[in-house]
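Numbering (this note's numbering), first residue to last: 19 to 154.
Glycine is no exception: its CB is placed at the ideal position from the N, C-alpha and C atoms.
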């Protein structure tokens, strides 16, 4: 199977993940605020860990040899960060400082996770399995 069917969506997802992962380190405060309070420990540790995961998965999607694994990991990552997206929507809905449009955007964002997961699964399915050297 050619890598071409998976290349464009993989690069789109990689751009999203590499950009977002970078923001976790450059401007961590907004990410700290959406870490679910039920998680033990410091929110900043979760921010940095999720940022590192996004950078690693984004890099895996760029490299053809690791693209299949990157697609699978991206799907898992998008599911794993969904509780933070829910936390953000709940926090924004409760805020007295945000406009109704911002609150609506936070809620409307939740179903957008579905196409991210499905696109990542497509990359995983359409990318060829890598062969180890010496094997056929």
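query                                                                                                            : result
Cβ-based neighbour list, residue 104, same chain, cut-off 6 Å, excluding 5 preceding and 5 following             : none
Residue 59: first and last residue of the uninterrupted alpha helix (DSSP H) it sits in                          : Careful: residue 59 lies outside any alpha helix (DSSP H) and carries neither H nor E.
Nearest residue (CA-CA) to residue 130, options 97, 87, 45 and 62                                                : 97
Residue 92, buried or exposed, once every other Cβ within 10 Å from all chains shown has been counted against 16 : buried
With 16 other Cβ atoms within 10 Å as the buried cut-off, status of residue 59                                   : exposed
Which of helix, strand or coil DSSP assigns to residue 148                                                       : coil
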